[in-house]
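Peer 1: Count along the sequence shown from 1, then add 1223; that gives the number in the working numbering. Ideal Cβ positions, reconstructed from N, Cα and C, are used throughout, including at glycine.
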Amino acid sequence: MKQLATIALCLLSAVAALAQAPTVPSGPVSEPQPQYFLAAGAGFNHYTVPQASGWMTFGAKVGDGNYTYTTVTMTGKSSSMSVGYARVLIQQDSFTLMALGDAGVTSGEGNVGGAFAGGGSLSYDVSKWTHVPKTFAVATVKVLKTSLNDVQPVFCFGIGKAF
């Protein structure tokens, strides 16, 4: 008898849930996600010499909220190239938060090794200030592990254009 009462209660709850109206977010609706993006900027890694780097990323949409990207990073003494995957976690108003993961090759001072990183990226649409459609500012935090070095936090800041 208890099982029948539990089943009846579950069915009534399901019917009540179907009667609910969907919630519509207040405020402006986010723009559709771009097909491609290109960004460049500067990075900082406290554990490398030199600590500053320059980077450039090109990304392409591979599905709803899913991107693949290629990043080239250069310093005066080393360089790296990586290919990664990004997933849009939140897109609200002018902000977009993405989770990142990539793998690639790094070289410096005659050594070559593998590099793996994971982290997050927060971008903000700055089109209203630049008057250039689909421009954004981006801040990225990654945890980097290379075969040449220990685990290191890397901070990157830049600007980009979606198209």
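(1) Using the DSSP secondary-structure output, state which residues sit across from Ser1276 in a beta bridge.
(2) Within the same chain, show all residues whose beta-carbon is closer than 7 Å to that of Gly1165, passing over the 5 residues directly before and after it, in chain order.
(3) Looking only at C-alpha atoms, which of Gln1375, Thr1369, Thr1358 sits nearest to Gln1384?
(4) For Thr1353, which of helix, strand or coil comes out of DSSP?
(5) When you compare only the Cα positions, how much space is there between Ser1302 and Gly1266?
(6) CA-CA distance, Pro1251 and Ser1330?
(7) Out of Pro1257, Ala1283, Ser1344, Gly1337, state which residue places its alpha-carbon closest to the alpha-carbon of Leu1312.
(8) If you draw a straight line from the C-alpha of Gln1274 to the C-alpha of Gly1307, how long is it?
(9) Which whole-angstrom value is the C-beta distance of Asn1334 and Tyr1270, which I expect to be below 8 Å?
(10) Quick check on the DSSP output: what are the complete alpha helix (DSSP H) runs of length 4 or more inside the segment 1304-1363, in order along the chain?
(11) Pick helix, strand or coil for Pro1257, following the three-state DSSP scheme.
(12) Go through its chain and collect everything with a Cβ distance to Ala1283's Cβ below 8 Å, but skip five positions before and after it.
(13) With the cut-off set at 9 Å, would you say Ser1346 and Val1361 are in Cβ contact?
(14) Which of helix, strand or coil does DSSP assign to Lys1384?
(15) Applying the criterion that 16 or more other CB atoms from any shown protein chain within 10 Å of the CB defines a buried residue, is Gly1381 buried or exposed?
Peer 2: Quick answer:
(1) The partner list for Ser1276 (beta bridge, DSSP) reads Gly1266.
(2) The structure shown does not extend to residue 1165, since the chain spans only 1224 to 1386, so no value can be given for it.
(3) Inspection of the sequence shows that residue 1384 is occupied by Lys rather than by Gln. Selection Gln1375, Thr1369, Thr1358 evaluated against Lys1384 yields Thr1358 as nearest (Cα-Cα).
(4) In the displayed model, Thr1353 falls within a helix according to three-state DSSP.
(5) So the two alpha carbons sit approximately 12 Å from each other.
(6) Because the pLDDT at Pro1251 is just 47, under 50, the model does not fix this residue reliably, and the point stays unresolved.
(7) Ser1344
(8) 23 Å
(9) Contact flag wrong, Cβ pair sits at about 16 Å.
(10) 1350-1353
(11) coil
(12) Once the five neighbours on either side are set aside, the close Cβ partners of Ala1283 are Gln1258, Tyr1259, Tyr1290, Thr1291, Tyr1292.
(13) Taking 9 Å as the Cβ cut-off, Ser1346 and Val1361 qualify as a contacting pair.
(14) Strand.
(15) It is buried - the Cβ of Gly1381 has at least 16 other Cβ atoms within 10 Å.
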